[in-house]
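S.K.: Pasting in a structure now, in structure tokens, and then I'll have a few things to ask.
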Amino acid sequence: MAGHSKWANIQHRKGRQDDKRGKVFSRLSKEITVAAKLGGGDVGFNPRLRVAVDKAKEVNMPADNIDRAIKKGTGELEGVDYVELRYEGYGINGAAIIVDCLTDNKTRTVADVRHAFTKHGGNLGTDGSVAFMFKHCGQIIFAPGASEDQVMEAALDAGAEDVLSNDDGSMEVITSPGGFLAVKDALEKAGLKSEMAEVMMKPDAEVIFTGDDAIKMQKLLDALESLDDVQDVYTSAVIEE
726 MAGHSKWANI QHRKGRQDDK RGKVFSRLSK EITVAAKLGG GDVGFNPRLR VAVDKAKEVN
786 MPADNIDRAI KKGTGELEGV DYVELRYEGY GINGAAIIVD CLTDNKTRTV ADVRHAFTKH
846 GGNLGTDGSV AFMFKHCGQI IFAPGASEDQ VMEAALDAGA EDVLSNDDGS MEVITSPGGF
906 LAVKDALEKA GLKSEMAEVM MKPDAEVIFT GDDAIKMQKL LDALESLDDV QDVYTSAVIE
966 E
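Here the sequence shown is numbered in our numbering, starting from 726 and rising by one per residue.
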């Protein structure tokens, strides 16, 4: 892992998300609608909705957009009926990929996902083919310079599963999916502001990509992320700049 910087990779990912702000708004609107449909429109009693709304606010999504998405989920406004789908596959050199989708047309979605994999050197796998290589968890990331002692104390007191210190000075707090909000709130109350916080699929082991393989892998990830029905793409690949 010589030269590998966890923080540089995180910043790269954030920058790519900012570049696709319109796409991010669309995806968050879908997630808010589905969360509200499944658990109701009150963020105080619907953890999934609370997480989605928090993410929307972090990217400065307009309040009207958030309210409209909630009302579509609760039936106050007419909306599309979305289905949650997960696809698993392999990228360059067998790197594991999970693709989470929300769609109103399963046939279109699987065709689009399969085409993206095939066109860019990957392979769509079967259910369960790579999911065992990932852990469903909450991840809260702090920039280099954050107080390790403060983060560790506040996180562990709030029930975090682990606190990881990276070589570049960044820190990761790992939680259970159900404990994510409690830990996130505790860290904020302690005055500790994170750079990224989400419930995600974290790979058990990462594969570093450089040179031509990194370019090819990034093109595959870009193709998957650009699909309208795709919400999140998780991978064991780490693209070195």
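Here a beta-carbon is modelled for each residue, glycine too, at the ideal position from N, C-alpha and C. From a predicted model like this one, the values you see are computed outputs, not experimental measurements.
From this set, GLU920, TYR807, ALA761, which residue's C-alpha is nearest VAL784's C-alpha?
M.R.: For the purposes of this step, residue 784 is taken as residue 59 along the sequence shown, with counting starting at 1. The shortest C-alpha separation from VAL784 is found at GLU920.
S.K.: Among ALA915, ASP892, ASP882, which residue has its Cα nearest to the Cα of ILE899?
M.R.: In the sequence shown, residue 899 corresponds to position 174, counting from 1. Ranking ALA915, ASP892, ASP882 by Cα distance to ILE899 puts ASP882 first.
S.K.: Would you list the one or two residues that DSSP bridges to HIS861?
M.R.: Counting from 1 along the sequence shown, the entry for residue 861 is found at position 136. MET926.
S.K.: Taking VAL932 as part of the beta strand (DSSP E), name the residues at either end of that continuous run.
M.R.: Your numbering for residue 932 matches position 207 in the sequence shown. That run of the beta strand (DSSP E) goes 932-934.
S.K.: Which of the three DSSP states, helix, strand or coil, is assigned to GLY816?
M.R.: Numbered from its first residue, the sequence shown carries residue 816 at position 91. It is coil, neither helix nor strand.
S.K.: Do three or more CB pairs link the segment 914-930 to the segment 845-865 at distances below 8 Å?
M.R.: Yes, since at least three Cβ pairs between the segment 914-930 and the segment 845-865 fall closer than 8 Å, the two stretches touch.
S.K.: State the DSSP-derived secondary structure class of ASN848, mapped to helix, strand or coil.
M.R.: Here the question's residue 848 lines up with position 123 in the sequence shown. The answer is strand: DSSP assigns ASN848 an E or B state.
S.K.: To the nearest angstrom, how far is it from the Cα of SER854 to the Cα of ILE822?
M.R.: Indexing the sequence shown from 1 puts residue 854 at position 129. Indexing the sequence shown from 1 puts residue 822 at position 97. Their backbone Cα atoms lie some 10 Å apart in a straight line.
S.K.: Would you tell me roughly how many angstroms separate the C-alpha atoms of LYS934 and ALA962, rounded to the nearest one?
M.R.: Within the sequence shown, the letter at position 209 stands for residue 934. Within the sequence shown, the letter at position 237 stands for residue 962. As written in the sequence, residue 934 is Phe, which differs from the Lys given in the question. Roughly 7 Å separates the two Cα atoms.
S.K.: Take GLU873 and list the residues in its own chain whose beta-carbon comes closer than 7 Å to its own, dropping the five residues that flank it on each side.
M.R.: The residue given as residue 873 occupies position 148 in the sequence shown. So the qualifying residues of the chain are SER890, MET896.
S.K.: For THR828, count neighbouring C-beta atoms within 10 Å of its own C-beta (all shown protein chains included) and say buried if the count is 16 or more, exposed if not.
M.R.: Mapped onto the sequence shown, residue 828 falls at position 103. Buried, by the Cβ-count rule.
S.K.: Could you spell out the range, first to last residue, of the alpha helix (DSSP H) harbouring GLU803?
M.R.: Taking the sequence shown and counting its residues from 1, one reaches residue 803 at position 78. Run containing GLU803: none; DSSP gives neither H nor E here.
S.K.: So ALA868 is in the alpha helix (DSSP H); what residue range does that whole segment cover?
M.R.: As a working note, residue 868 is residue 143 in the sequence shown. That residue, ALA868, is in no alpha helix (DSSP H); it is neither H nor E in DSSP.
S.K.: Measure the C-alpha to C-alpha separation of LEU849 and MET877 and round it to an integer number of angstroms.
M.R.: Taking the sequence shown and counting its residues from 1, one reaches residue 849 at position 124. Taking the sequence shown and counting its residues from 1, one reaches residue 877 at position 152. Cα-Cα distance, rounded: 39 Å.
S.K.: Does the segment 794-805 come close enough to the segment 939-954 that 3 or more CB-CB pairs lie under 8 Å?
M.R.: Not touching, per the Cβ criterion.
S.K.: Taking its Cβ as the centre, do 16 or more other Cβ atoms sit within 10 Å of GLU809, making it buried, or is it exposed?
M.R.: Translated into the one-based positions of the sequence shown, residue 809 becomes position 84. Exposed, by the Cβ-count rule.
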